[in-house]
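Protein sequence lines, in the order shown, are assigned to chains V and Z.
Read in order, the letters of the first sequence are residues 131 to 376 in our numbering.
Read in order, the letters of the second sequence are residues 2 to 331 in our numbering.
We treat Cβ as the ideally placed atom computed from N, Cα and C, and that holds for glycine.
The structure appears below as structure tokens.
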Amino acid sequence: MLTINKVSKTFGGLRAIDDVSLNVKQGQFFGIIGANGAGKTTLLNLVTGYLPPTSGTIEFEGKPIHGLPPYRVAHRGIGRTFQITQPFAEMSVLDNVMTGALFSSNGARRSLQEARAMCDEPLRLVGLTAQADLQAGALTLGGKKKLELARVLATEPKLLLLDEVMGGLTRAEIEDLMISLRRIHAAGTTVVMIEHLVHVILDLCDHVFVLNFGRELFRGTPNDVISHPEVIEAYLGKPLTAAERA
Amino acid sequence: MSTRSLAIPVWAVCALVLLLVPAYGSPTFVDLAFRTASLIVLAISWNLMASAGLISLGHSAFFGLGGYVGILSANLLGAPFWLSLVGAVIAGTLLGSGLALITGRMRGIYFAITTLAASEGLRVIAVMLPDLTGGAKGAYLKAATFPGVLAINLAMSLVAVAACIIAWMVSRSRFHYAFRAMRANEAASQMLGIFPLKYRTAIMALSGGMASLVGGVEVWHGGYLDPAVAFDLHITITSQIAPILGGIYTLSGPILGAIATVFLGDATRIALGHLQGASLLVFGLVLVFCVLYLPQGIQGGLLRMLGKRPSEAAAEPKLSPTVATGAAKP
Numbered sequence: 131m132l133t134i135n136k137v138s139k140t141f142g143g144l145r146a147i148d149d150v151s152l153n154v155k156q157g158q159f160f161g162i163i164g165a166n167g168a169g170k171t172t173l174l175n176l177v178t179g180y181l182p183p184t185s186g187t188i189e190f191e192g193k194p195i196h197g198l199p200p201y202r203v204a205h206r207g208i209g210r211t212f213q214i215t216q217p218f219a220e221m222s223v224l225d226n227v228m229t230g231a232l233f234s235s236n237g238a239r240r241s242l243q244e245a246r247a248m249c250d251e252p253l254r255l256v257g258l259t260a261q262a263d264l265q266a267g268a269l270t271l272g273g274k275k276k277l278e279l280a281r282v283l284a285t286e287p288k289l290l291l292l293d294e295v296m297g298g299l300t301r302a303e304i305e306d307l308m309i310s311l312r313r314i315h316a317a318g319t320t321v322v323m324i325e326h327l328v329h330v331i332l333d334l335c336d337h338v339f340v341l342n343f344g345r346e347l348f349r350g351t352p353n354d355v356i357s358h359p360e361v362i363e364a365y366l367g368k369p370l371t372a373a374e375r376a
Numbered sequence: 002m003s004t005r006s007l008a009i010p011v012w013a014v015c016a017l018v019l020l021l022v023p024a025y026g027s028p029t030f031v032d033l034a035f036r037t038a039s040l041i042v043l044a045i046s047w048n049l050m051a052s053a054g055l056i057s058l059g060h061s062a063f064f065g066l067g068g069y070v071g072i073l074s075a076n077l078l079g080a081p082f083w084l085s086l087v088g089a090v091i092a093g094t095l096l097g098s099g100l101a102l103i104t105g106r107m108r109g110i111y112f113a114i115t116t117l118a119a120s121e122g123l124r125v126i127a128v129m130l131p132d133l134t135g136g137a138k139g140a141y142l143k144a145a146t147f148p149g150v151l152a153i154n155l156a157m158s159l160v161a162v163a164a165c166i167i168a169w170m171v172s173r174s175r176f177h178y179a180f181r182a183m184r185a186n187e188a189a190s191q192m193l194g195i196f197p198l199k200y201r202t203a204i205m206a207l208s209g210g211m212a213s214l215v216g217g218v219e220v221w222h223g224g225y226l227d228p229a230v231a232f233d234l235h236i237t238i239t240s241q242i243a244p245i246l247g248g249i250y251t252l253s254g255p256i257l258g259a260i261a262t263v264f265l266g267d268a269t270r271i272a273l274g275h276l277q278g279a280s281l282l283v284f285g286l287v288l289v290f291c292v293l294y295l296p297q298g299i300q301g302g303l304l305r306m307l308g309k310r311p312s313e314a315a316a317e318p319k320l321s322p323t324v325a326t327g328a329a330k331p
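Here it is as structure tokens:
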């Protein structure tokens, strides 16, 4: 579904992404992990058109998408949340989500009422129904993370890219959100998730890709990855038991 | 909710008054209505662009262009009143969309300065083409058929009512969502499928057409135009003071603000007319007062008095939208 082929991105002398190739198949729940600065968010920025790759190609459903601006990537059916949340602070939570429903590839044909009706489901999935009329800027960090997810779900993405969507959430909220993500995935959305919380990756993902200093370090099933000595050394830095506690 | 159900009849009466004054009002009142209507349109036009995060410092560019298209089409081509107004709207629409395409992704202060430069540039062009525009000496309207004072005053009232209706329609359309999203975060809005340039071009074409139309009507009203009048900084300033005073990003804000601005201008001229620059001083003081104590403008203040929370659009006015969004920060 998503094919990243020998993609590199350099910022001056820094090779932020160095010859990365990966392939996300339809229906996968794909995890990307790596230490801070490994290039995870840069990789998402390359896929979604916020940055052009220095070299290499990116294809979605067999068609190249590198070089497309973000809104056209979105129209192809790729949705993305931002690690640093980007809510439209002066709009209500509901209006934020409606914006997703109005401007997606199917959104142009929707009336405001239809778009409004579409928002109930995403809001319920992330647990923001009660806050729908609040101003987005008034939400807590966790609330803003949930809003990011609800807003992008309203665009009905075929491929969902999540950039640390769990950050700033409480343990109970994480459990709830994991259930929601499982449901979204079960409904047919392919998910690529960047996450620092190891237990979330272990629980949800069927494939994990490890980035280290912009290069592929390892790929495999979650259990392969966390038992791989190089990954432990590069990413977790400590033996597994200590990492799970963290 | 009662204030909401009251709103439509109140506005309808206001519109009716504005439309009836040119025919039945006393000369003073007719003049007052004309100037208020004119500023209402300019304020709505400015506010529409601001609502998409585009702060204009050159609204006189549209106003002046409309004026020149109005006077030149009448003088050189013999265009009647209505046709010259159509020309003014088309010119303003083209200038607006052209500016949108030129400014591309510029935001905040960079965008504002470009609009200022556009206005100054047009003024200089008008001065440098004396054969066409009369240069700094200006030009008098020599229309073949004069529509009459009533028609001109009525036209301005009609334009003001139409501008209010257009702004209301925009606020109930998908554009309202795109504009607010772009204002908050243009980069993030793209990930939801919004193509910013498309909406930016649309709003600037609409806004430009409105402001140019005012210029076109004004030149038939005044009968004279020179570059300093057409591209007057005063136009630029009042068309942004009015929405800021009334309540930026809101529907009623520009209208309330325009009324207040005209009233303030007249009151200071009457009371302090003998002191040069007194009216500017009062405008400045009022603006400072508003920024400090009425950050949501008259509209927000009224809503608070009625015990309602100001609308979300007005709750957090940002007069200078952030330039960098950081959405693509690695």
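| Same chain, Cβ closer than 7 Å to V355 (chain V), neighbours up to 5 away in sequence not counted | Indexing the first sequence from 1 puts residue 355 (chain V) at position 225. Cβ neighbours of V355 (chain V) beyond the five flanking positions: V338, V340, F348 and V361.
Practice problem: With a cut-off of 8 Å on the beta carbons, I'd call P287 (chain V) and T319 (chain V) a contact; round off their distance for me. | Solution: Taking the first sequence and counting its residues from 1, one reaches residue 287 (chain V) at position 157. Taking the first sequence and counting its residues from 1, one reaches residue 319 (chain V) at position 189. Their Cβ separation, rounded to whole angstroms, is 6 Å, which keeps P287 (chain V) and T319 (chain V) in contact under 8 Å.
- prompt: Of the residues V:A238, V:L292, V:T140 and V:R206, which one's Cα is nearest the Cα of I214 (chain V)?
  reply: As a first step, residue 214 (chain V) is located in the first sequence; it is residue number 84 there, counting from the start. Checking every option, the nearest Cα to that of I214 (chain V) belongs to V:L292.
CA-to-CA distance, G68 (chain Z) to T134 (chain Z), given in whole angstroms:
Position 133 of the second sequence holds residue 134 (chain Z). Position 67 of the second sequence holds residue 68 (chain Z). Distance between the alpha carbons of T134 (chain Z) and G68 (chain Z) is about 11 Å.
When the cut-off is 8 Å and only beta carbons count, does Y178 (chain Z) lie next to chain V? As a first step, residue 178 (chain Z) is located in the second sequence; it is residue number 177 there, counting from the start. At least one chain V Cβ lies under 8 Å of Y178 (chain Z).
| Within 8 Å (strictly less), CB to CB, does R201 (chain Z) reach chain V? | As a first step, residue 201 (chain Z) must be located in the second sequence, where it is residue number 200. For R201 (chain Z), the answer is no, since every Cβ of chain V falls outside 8 Å of its Cβ.
#### Entry: Per-residue contacts from N48 (chain Z) into chain V (C-beta, under 8 Å)
For the purposes of this step, residue 48 (chain Z) is identified with residue 47 of the second sequence, where counting begins at 1. In chain order: nothing, as chain V lies at least about 15 Å away.
- Message: Would you say N186 (chain Z) lies against chain V (beta-carbon separation less than 8 Å)?
- Response: Indexing the second sequence from 1 puts residue 186 (chain Z) at position 185. At least one chain V Cβ lies under 8 Å of N186 (chain Z).
If you count every other CB in all the chains shown that lies within 10 Å of the CB of M228 (chain V), and 16 or more means buried, which is it? Taking the first residue of the first sequence as 1, we reach residue 228 (chain V) at position 98. Buried: at least 16 other Cβ atoms inside 10 Å.
Quick one: what does DSSP say N226 (chain V) is sitting in, helix, strand or coil? Residue numbering aside, residue 226 (chain V) sits at position 96 when the first sequence is read from its first letter. Of the three classes helix, strand and coil, the one that applies to N226 (chain V) here is helix, per DSSP.
query: Opposite V322 (chain V) in the DSSP bridges: which residues?
result: Numbered from its first residue, the first sequence carries residue 322 (chain V) at position 192. V:F160 and V:L291, per the DSSP bridge assignment.
Out of curiosity, what's the CA-to-CA distance linking F264 (chain Z) and G109 (chain Z)?
The residue labelled residue 264 (chain Z) in the question sits at position 263 within the second sequence. The residue labelled residue 109 (chain Z) in the question sits at position 108 within the second sequence. If you take the alpha carbons of F264 (chain Z) and G109 (chain Z), they lie about 30 Å apart.
**Prompt:** Would you report the Cα separation of G169 (chain V) and V150 (chain V), rounded to the nearest angstrom?
**Reply:** On the first sequence, position 39 is the one that residue 169 (chain V) refers to. On the first sequence, position 20 is the one that residue 150 (chain V) refers to. Taking the straight line from one Cα to the other gives about 10 Å.
Beta bridge counterpart(s) of A140 (chain Z) as assigned by DSSP = Taking the first residue of the second sequence as position 1, residue 140 (chain Z) is located at position 139. Bridge partners of A140 (chain Z): Z:L226.
Just mark V11 (chain Z) as buried or exposed, buried being the case when its beta carbon has 16 or more other beta carbons within 10 Å. Here residue 11 (chain Z) refers to the residue found at position 10 of the second sequence. Exposed, by the Cβ-count rule.
In DSSP terms, what S185 (chain V) is bridged to:
In the first sequence, counting from the first residue as 1, residue 185 (chain V) sits at position 55. Looking at the DSSP assignment, S185 (chain V) forms a beta bridge with V:S138.
inquiry  = With a threshold of 8 Å between beta carbons, is M228 (chain V) in contact with chain Z?
reply    = The residue labelled residue 228 (chain V) in the question sits at position 98 within the first sequence. Yes, M228 (chain V) counts as interfacial toward chain Z.
Touching by the beta-carbon criterion (3+ pairs, under 8 Å), the stretch 327-334 of chain V and the stretch 188-199 of chain V | Output reads no: the stretch 188-199 of chain V does not touch the stretch 327-334 of chain V.
Requested in this report: Leaving aside the five residues before and after G161 (chain V) along the sequence, list all residues of the same chain whose C-beta is less than 6 Å from its C-beta, in chain order.
Outcome: In the first sequence, the residue the question calls residue 161 (chain V) occupies position 31. Same-chain partners within the cutoff: M323, I331, C335 and V338.
Assuming I147 (chain V) is part of the beta strand (DSSP E), what are its boundary residues?
By 1-based counting over the first sequence, the position of residue 147 (chain V) is 17. Segment L144 to V154, the beta strand (DSSP E) holding I147 (chain V).
Under 8 Å between C-beta atoms, does G274 (chain Z) make it to chain V? Residue mapping note: residue 274 (chain Z) aligns to position 273 of the second sequence, counting from 1. Not one chain V Cβ lies under 8 Å of G274 (chain Z).
inquiry  = Could you compute how far the alpha carbon of F82 (chain Z) sits from the alpha carbon of R246 (chain V)?
reply    = In the second sequence, residue 82 (chain Z) corresponds to position 81, counting from 1. In the first sequence, residue 246 (chain V) corresponds to position 116, counting from 1. Computed Cα separation, rounded: 44 Å.
Exercise for review: Could you spell out the range, first to last residue, of the alpha helix (DSSP H) harbouring N103 (chain V)?
Suggested key: A query on residue 103 (chain V) cannot be resolved here, the shown segment of chain V reaching from 131 to 376 and no further.
Leaving aside the five residues before and after L288 (chain Z) along the sequence, list all residues of the same chain whose C-beta is less than 8 Å from its C-beta, in chain order. Here the question's residue 288 (chain Z) lines up with position 287 in the second sequence. Excluding positions up to five away in sequence, the list reads I242, I245 and L246.
With 7 Å as the C-beta to C-beta threshold (strictly closer), list the residues of the stretch 218-250 of chain V near chain Z in chain order. Cβ contacts with chain Z come from F218, A219, E220, M221, S222, D225, M228, T229, G230, L232, F233, S234, S235, G237 and L242.
Once you ignore the five residues that flank E219 (chain Z) on each side, which residues in its own chain have a CB closer than 7 Å to its CB? As a position in the second sequence, residue 219 (chain Z) is number 218, starting the count at 1. Hits under 7 Å: S39 and G68.
For T133 (chain V), does the three-state DSSP call read helix, strand or coil? Your numbering for residue 133 (chain V) matches position 3 in the first sequence. T133 (chain V) falls in the strand class under three-state DSSP.
Simplified DSSP assignment, three categories, for P322 (chain Z) | For the purposes of this step, residue 322 (chain Z) is taken as the residue at position 321 of the second sequence. Confidence at P322 (chain Z) is low in this model, with a pLDDT of 36, below 50, so the placement of that residue should be treated as unreliable; the coordinate-derived value is given next. It is coil, neither helix nor strand.
- [ ] Given a cut-off of 8 Å, decide if G217 (chain Z) and G71 (chain Z) are closer than it, judged by their beta-carbon atoms.
- [x] The residue given as residue 71 (chain Z) occupies position 70 in the second sequence. The residue given as residue 217 (chain Z) occupies position 216 in the second sequence. Cβ distance < 8 Å, so G71 (chain Z) and G217 (chain Z) count as in contact.
Problem set entry | Within 9 Å of chain Z by C-beta, residues of the stretch 177-200 of chain V in sequence order | T178, G179, Y180, L181, P199 and P200
query = How would you call A24 (chain Z), buried or exposed, if buried means at least 16 neighbouring beta carbons within 10 angstroms?
reply = As a first step, residue 24 (chain Z) must be located in the second sequence, where it is residue number 23. By the neighbour-count rule (16 or more Cβ atoms within 10 Å), A24 (chain Z) is not buried but exposed.
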